[in-house]
Amino acid sequence: MYVPPFFKTDAASALEFAHARGFGTLVAVDGQCPTAVRVPFIVEHDASGATRIECHVARANPIHKIITAAPSVLLTIDGPDAYISPDWYIAEDQVPTWNYVSVHIAGEARLLPTEQIRGHVDRLSARFEADLLPKKPWLTDKMTEPKLRAMLSAIQVIEIAVTTVEASRKLSQNKNRTDRVAVSQMLRWRGGWRESEIAEFMDTTLRQDFQSEQPKENV
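Under the working numbering, the first residue of the sequence shown is numbered 328, with each subsequent residue one higher.
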């Protein structure tokens, strides 16, 4: 993933964003052409500090057969994005662009055995049900055993041992503070959910940049 220096972010922040998003595109290559599928996922860290990702696909989807033969995969996670008009800057002589947040995670994938599928579904559902509190979380125990077995047999769980994490937060950091504030204000004025989310990311980055620029007092 090509990321200009202005837009780079650290791996820990990228993984935190990926965890919060929980949905992305898994890409595998069979030597001829890429195959992609949209997947929900969870990010986990083991005792050694290694990061792994669990996701699943329909067993009927041939991508898991591709992964068996070629385990190197890419998971892409997209955040909000928005068009930026040159007319929104205070400075003149600008060009149109696009602001966005995106994370690319590469790794080596393997298929988990059948007996681990229910545990995966329990972990995955617990992660997202937690966002719905105070609703009582849904559990696989609520299903009848025949129906649950049928549903679990229809999916294949994939575990990715993460090797590389890259991210781009393109939020006008290459512009001066006045222009960044002006763009954020115009995005909020437009009022769409994508524009509002990008404006929130921009404002957070502005605050962080401002704090990092402040002189540190001697202690």
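Even glycine gets a Cβ: it sits at the ideal position worked out from N, Cα and C.
**Request:** Just confirm the distance between the C-beta atoms of Gln-512 and Val-384, as a whole number of angstroms; I'd bet it's less than 8 Å.
**Result:** Residue mapping note: residue 512 aligns to position 185 of the sequence shown, counting from 1. Residue mapping note: residue 384 aligns to position 57 of the sequence shown, counting from 1. A Cβ-Cβ distance of about 42 Å is found for the pair Gln-512 and Val-384, leaving them out of contact under the 8 Å criterion.
**Request:** From the DSSP output, read off the bridge partner residues of Tyr-410.
**Result:** Residue numbering aside, residue 410 sits at position 83 when the sequence shown is read from its first letter. For Tyr-410, which the question treats as bridged, DSSP gives the partners Trp-425.
**Asked** Helix, strand or coil for Val-508 per DSSP?
**Response** Against the sequence shown, residue 508 aligns to sequence position 181. Val-508 falls in the helix class under three-state DSSP.
**Lys-397 and Val-356 closer than 8 Å at C-beta** = Counting from 1 along the sequence shown, the entry for residue 397 is found at position 70. Counting from 1 along the sequence shown, the entry for residue 356 is found at position 29. Checking the displayed sequence, the identity of residue 397 turns out to be Ala instead of Lys. The Cβ atoms of Ala-397 and Val-356 sit closer than 8 Å to each other.
**Request:** Scan the region 460-508 and note each continuous beta strand (DSSP E) run of 3 residues or more that stays entirely inside, going in chain order.
**Result:** Runs of the beta strand (DSSP E) inside the region 460-508: 482-497.
**Message:** With a threshold of 8 Å, are at least 3 pairs of Cβ atoms found where one atom belongs to the region 454-462 and the other to the region 503-522?
**Reply:** The region 454-462, when compared against the region 503-522, does not touch it at the 8 Å Cβ threshold.
**Request:** Specify whether the region 433-449 and the region 517-527 touch according to this definition: at least 3 beta carbon pairs, one from each stretch, less than 8 Å apart.
**Result:** The region 433-449, when compared against the region 517-527, does not touch it at the 8 Å Cβ threshold.
**Request:** State the DSSP-derived secondary structure class of Gly-518, mapped to helix, strand or coil.
**Result:** Along the sequence shown, one-based indexing puts residue 518 at 191. Coil at Gly-518, not helix or strand.
**Message:** Going by DSSP in three states, Val-430 sits in which element: helix, strand or coil?
**Reply:** Position 103 of the sequence shown, counting from 1, holds the residue named residue 430. Correct three-state label for Val-430: strand.
**Message:** Could you pull the DSSP bridge partners for Phe-350 from this structure?
**Reply:** Start at 1 with the first residue of the sequence shown, and residue 350 comes out as number 23. According to the DSSP secondary-structure assignment, Phe-350 is paired through a beta bridge with Pro-367.
**Asked** Can the beta-carbon of Thr-532 be found less than 8 Å from the beta-carbon of Arg-496?
**Response** Taking the sequence shown and counting its residues from 1, one reaches residue 532 at position 205. Taking the sequence shown and counting its residues from 1, one reaches residue 496 at position 169. Taking 8 Å as the Cβ cut-off, Thr-532 and Arg-496 qualify as a contacting pair.
**Message:** Quick check on Cys-382: buried or exposed, where buried means 16 or more other Cβ atoms within 10 Å of its Cβ?
**Reply:** Position 55 of the sequence shown, counted from the start, is the residue given in the question as residue 382. Cys-382 should be labelled buried.
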